[in-house]
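Note sheet for the following structure.
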DNA sequence: TATATCCTTGGCAATATTGCCAAATAAGAA
DNA sequence: TTCTTATTTGGCAATATTGCCAAGGATATA
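Chains as they are written, first to last, in our numbering: chain F, 1 to 114; chain X, 115 to 228.
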């Protein structure tokens, strides 16, 4: 890896890191349906407001969401809906893993039956 | 978030976490071109063998790659090529962020020129 | 068997992430 | 202005990640 490659992969990793948390993935899913205020998301997630606010700032810094003030509230919106294709791929990996598990289990069953 | 939702988002986050590292993203890119032995990847990355081996085991545990022994070597192969669509999306986010930066800069230039 | 090669694992220190509480800030309402 | 609501920020302890070194398999070759 040369310097430029390192920079490229670091840039990618930084965005992926922003997604690498259950609450933040949940937020992305929720914002895909509609923009939401911090308070709404906080209630849906069931964590401290400050925690959710920090999660949102991680997503914002990564350029995944944008915010907009409306009165005292702050509305967050998903900026790149392609994030969801991404999640489709993750689901494929999960399914593939599950399939592998099932195969392992059925293999053991067969052997035990002999 | 109910219990099942928590489990779902945790499962997704675990796979995304496995991708959230520059060296591991590089490995995924390299394995997309062709399967590789640990030693080859180690040389390409320029880290300690043990470090690369641990990165590979993270990817393997997440179900993103598979390994296969060949003599003393261990060949790793990308299991889910859809991972790359995923990276396409990440590139979109990076480009979008860059665009935003350019806009901010050009805005400042305009003001400075007045 | 001995020896070399390739890879994984254990251990550990440095660093980063997470989530809560408390305090600060922002904006509208009284 | 003062009060209230909505959100962000600072601080901190608990936890997780990272990367090196050293040691431990596993497999081929002499």
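Every residue gets a Cβ at the ideal spot worked out from N, C-alpha and C, and that includes glycine.
Keep in mind that this is a model prediction, so the values were computed, not measured.
Proximal residues of chain F, C-beta to C-beta of residue i below 7 Å
i, result
"residue 162/X", "None at all; the shortest Cβ gap to chain F is about 14 Å."
"residue 187/X", "The contacting residues do not exist; residue 187/X stays about 21 Å from chain F at best."
Proximity test, Cβ basis, 8 Å: residue i and chain F
i, result
"residue 218/X", "no"
"residue 168/X", "no"
"residue 153/X", "no"
Sequence-distant residues of its chain with Cβ nearer than 7 Å to residue i (five each side left out)
i, result
"residue 45/F", "23, 26 and 52"
Close-in-space but distant-in-sequence residues of the same chain around residue i (CB under 6 Å, 5 per side omitted)
i, result
"residue 124/X", "none"
"residue 182/X", "189"
"residue 4/F", "none"
"residue 172/X", "132"
"residue 170/X", "190"
"residue 66/F", "77 and 79"
is_contact[residue i, chain X] using C-beta, thresh 8 Å
i, result
"residue 35/F", "no"
"residue 97/F", "yes"
"residue 114/F", "Unreliable placement is indicated for residue 114/F, whose pLDDT of 46 sits below 50; no coordinate value is reported for it."
"residue 17/F", "yes"
"residue 43/F", "no"
"residue 70/F", "no"
Which listed residue (the options) has its alpha carbon closest to that of residue i
i, options, result
"residue 49/F", "39/F, 100/F and 1/F", "39/F"
"residue 80/F", "220/X, 149/X, 197/X and 205/X", "205/X"
"residue 196/X", "88/F, 55/F and 69/F", "88/F"
"residue 186/X", "120/X, 115/X, 151/X and 122/X", "151/X"
"residue 198/X", "118/X, 119/X, 120/X and 130/X", "130/X"
"residue 192/X", "171/X, 126/X and 148/X", "148/X"
"residue 6/F", "213/X, 208/X, 135/X and 127/X", "135/X"
"residue 19/F", "95/F, 2/F and 64/F", "64/F"
"residue 14/F", "171/X, 122/X, 207/X and 169/X", "207/X"
"residue 47/F", "220/X, 180/X and 115/X", "115/X"
In DSSP terms, what residue i is bridged to
i, result
"residue 67/F", "76/F"
"residue 151/X", "189/X"
Spatial neighbours of residue i in its chain, beta-carbon cut-off 8 Å, leaving aside the 5 residues before and after
i, result
"residue 30/F", "36, 41 and 44"
Where residue i meets chain X, residues with beta-carbon distance less than 8 Å
i, result
"residue 26/F", "115, 119 and 123"
Partner residues on chain F for residue i, Cβ-Cβ distance less than 9 Å
i, result
"residue 179/X", "The contacting residues do not exist; residue 179/X stays about 11 Å from chain F at best."
Proximal residues of chain X, C-beta to C-beta of residue i below 7 Å
i, result
"residue 58/F", "Those do not exist, as residue 58/F stays about 12 Å from chain X at its closest Cβ, beyond 7 Å."
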